[in-house]
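Everything below concerns the one structure shown next.
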Amino acid sequence: MSEIERNLAQVQQKISAAAQRCGRSSEEVTLLAVSKTKPASALAEAIAAGQRAFGENYVQEGVEKILHFRQRGVEGLQWHFIGPLQSNKSRLVAEHFDWCHTVDRLRIASRLSDQRPDNLPPLNVLIQINISDEQSKSGIPLSELDALAAQVSQLPRVQLRGLMAIPAPEPDYERQFAVARQMAVAFNELKSRYPSVDTLSLGMTDDMEAAIAAGSTMVRIGTAIFGARDYTRHTEQ
1 MSEIERNLAQ
11 VQQKISAAAQ
21 RCGRSSEEVT
31 LLAVSKTKPA
41 SALAEAIAAG
51 QRAFGENYVQ
61 EGVEKILHFR
71 QRGVEGLQWH
81 FIGPLQSNKS
91 RLVAEHFDWC
101 HTVDRLRIAS
111 RLSDQRPDNL
121 PPLNVLIQIN
131 ISDEQSKSGI
141 PLSELDALAA
151 QVSQLPRVQL
161 RGLMAIPAPE
171 PDYERQFAVA
181 RQMAVAFNEL
191 KSRYPSVDTL
201 SLGMTDDMEA
211 AIAAGSTMVR
221 IGTAIFGARD
231 YTRHTEQ
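Residue numbers (full-length UniProt numbering): 1 to 237.
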């Protein structure tokens with residue numbers, strides 16, 4: 001068993017245990033393996049261990065990996081763009097990825113819709129919420145969600161699937177849970193209005209248990225699967 005395979009099994013066990021503690025099924029929570037800065041060989045190990053959903057933060061790097069596995073005939077993979085998206089990179093996301101987690105303005109959503117090829121299904125999108133009101137983070141305040149969701153839901157080549165957030169680090173579980181519950185309440189309200197909404201992308205290694213207890217349906221885990229990241233050779237902006 002490879003180290004990555006062993007790490008994946010441990011993460012899945014933690015997800016199952018967290019779900020069980022709050023009376024949920026582990027099948028309700030998707031593990032998104034965050035593979036930014038990691039080589040295709042590391043992803044290949046994860047794929048061999050059964051992992052199918054991968055999250056990338058850098059557009060060009062993600063596209064290279066998507067093409068790498070597509071050219072090798074690897075099927076059934078799901079590619080999620082989870083980084084800040086600049087307008088000049090939207091076409092690459094629209095043409096290659098299956099999901100975009102970081103929609104925070106109508107202009108980006110409209111570009112993704114316009115640039116999504118007709119031969120592909122609509123791009124799944126999540127609206128990013130800046131739940132901790134951090135100036136350094138992307139996303140909109142909850143007060144702007146209803147208006148943006150109404151606009152995004154009308155676009156023809158994207159499908160609104162839910163919400164994403166990156167809460168500020170909180171060492172205390174109760175505080176983690178309180179912030180996650182805010183997101184879950186907003187998610188449930190959105191789900192009641194839009195039949196396509198089914199995904200709350202919330203929770204990373206340090207706050208995964210609280211996010212799952214609050215109602216997250218997708219957790220984004222990177223270092224615990226692939227090990228520490230090396231950014232020294234990464235130049236993409």
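Virtual Cβ for every residue (Gly too), placed ideally from N, Cα, C. Only a predicted model underlies this, so the values are computations on that prediction, with no experimental measurement involved.
Residue i (DSSP reduced to helix, strand or coil)
i: A49; result: coil
i: Q13; result: helix
i: Q237; result: Unreliable positioning characterises Q237 in this predicted model, as indicated by a pLDDT of 44, which lies under 50. The coordinate reading is nonetheless provided below. Three-state result, Q237: coil.
i: G62; result: helix
i: L85; result: coil
i: A168; result: coil
i: T37; result: coil
i: E75; result: coil
i: N7; result: helix
i: T223; result: helix
i: V103; result: strand
i: F54; result: strand
i: residue 238; result: The question about residue 238 has no answer here: the residues shown for the chain are numbered 1 through 237.
Beta-carbon proximity list for residue i, same chain, < 6 Å, skipping 5 on both sides
i: V185; result: none
i: Q237; result: Note that Q237 has pLDDT 44, beneath the 50 cutoff, so the model's placement of it is unreliable and the number below is only indicative. No residues qualify anywhere along the chain.
i: L92; result: V59, V63
i: residue 244; result: Examination of residue 244 is not possible in this model, given that the chain is present from 1 through 237 alone.
i: K38; result: F226
Cutoff 8 Å; reference residue i; Cβ partners in own chain excluding five residues on either side
i: R105; result: I140, L148
i: L32; result: A53, F54, G55, H80, I82, S201, M218, V219, R220, I221
i: residue 252; result: Since the displayed the chain opens at 1 and closes at 237, residue 252 lies outside it and no answer follows.
i: G162; result: L126, I127, F187, L190, K191, V197, D198, T199, L200, S201, T217
Contacting residues, own chain, Cβ-Cβ under 7 Å from residue i (five flanking each side not counted)
i: I66; result: W79, H96
i: L160; result: V125, A149, V152, S153, Y194, S196, V197
i: H101; result: H80, F81, I82, L126, Q128, M164, S201
i: K89; result: V59
CA nearest to the CA of residue i, picked from the options
i: G215; options: S201, N119, Y173, L92; result: S201
i: G203; options: S192, I4, F177; result: F177
i: L8; options: A150, R229, T205; result: T205
i: S138; options: P84, R24, D146; result: P84
i: V152; options: V11, I47, A211, L126; result: L126
i: I44; options: T30, H101, G73; result: As written in the sequence, residue 44 is Ala, which differs from the Ile given in the question. Of the candidates T30, H101, G73, the one whose C-alpha sits nearest the C-alpha of A44 is G73.
i: Q71; options: A40, E5, P117, A180; result: A40
i: S35; options: Q86, I47, P156; result: I47
i: S136; options: I166, V158, P117, G50; result: I166
i: I4; options: S110, A42, G23, S87; result: A42
i: Y231; options: V29, R6, E61, E27; result: E61
i: L142; options: E75, I108, N119, R181; result: R181
Host beta strand (DSSP E) of residue i (start-end)
i: L126; result: 123-129
Endpoints, alpha helix (DSSP H) assigned at residue i
i: L160; result: From DSSP, L160 is part of no alpha helix (DSSP H) but of the beta strand (DSSP E) over 158-165.
i: A178; result: 173-193
i: R229; result: Careful: R229 lies outside any alpha helix (DSSP H) and carries neither H nor E.
Could you tell me whether the stretch 14-25 touches the stretch 40-57, using the rule of 3 or more Cβ pairs below 8 Å? no
Is the stretch 224-231 close to the stretch 180-198, with three or more CB pairs under 8 Å? no
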